[in-house]
Amino acid sequence: MILRMLREQRIEGRILDFGAGTGALINLMSDLEGLELHGADILPRPVALPVHVKWYQGDLNDKLEQLAGYFDAVICSEVIEHLENPRATFRSINGLLKPRGKLLLTTPNQENIRSYLNLIFRGHFAQFRGPDYPAHITA
């Protein structure tokens, strides 16, 4: 879906995969022309990541302030459920974008059976936890 959005929106230039995890999406994008790829996550740089990809590790709000207005697009795919404060995080992401930059956002599908069963038996959707859940990314 993300690759299709990149093509349809004709996005080129500096791309940040925010919450890149294992770098799987970056590896898929590495074959696309016209992209300078960056990844950010609390996890260390994945070994299998192409050498030309820039990686930022740690508290993403603190580590990326020096990159204000730097990116043509930020991808935030299946990350929102890990955020302690999504509103603050998306304000920070907005600051990373160039004027007229794009945010490509995907979220978990809450309409699957596993998610509904979690809601019934545990009191929350499968991907979303209560306020005491230790978020992977802090804002």
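The numbering used here applies: residue 13 is where the sequence shown begins, and numbers increase by one.
We treat Cβ as the ideally placed atom computed from N, Cα and C, and that holds for glycine.
Since we're looking at a predicted model, the values are computed, not measured.
In angstroms, rounded to a whole number, what distance separates the CA positions of GLY113 and ASP71? 22 Å
Suppose you measure from the CA of GLN78 to the CA of ASP53; what does that come to, to the nearest Å? 16 Å
With a cut-off of 8 Å, do at least 3 Cβ pairs link the segment 82 to 97 to the segment 56 to 64? no
Look at LEU40 and ILE27 and say whether their C-beta atoms are less than 9 Å apart. no
With distances taken Cα to Cα, identify the nearest neighbour of SER104 among GLY25, LEU15, PHE30, ARG16. PHE30
Exposure of LEU108, with buried meaning 16 or more beta-carbon neighbours within 10 Å: buried
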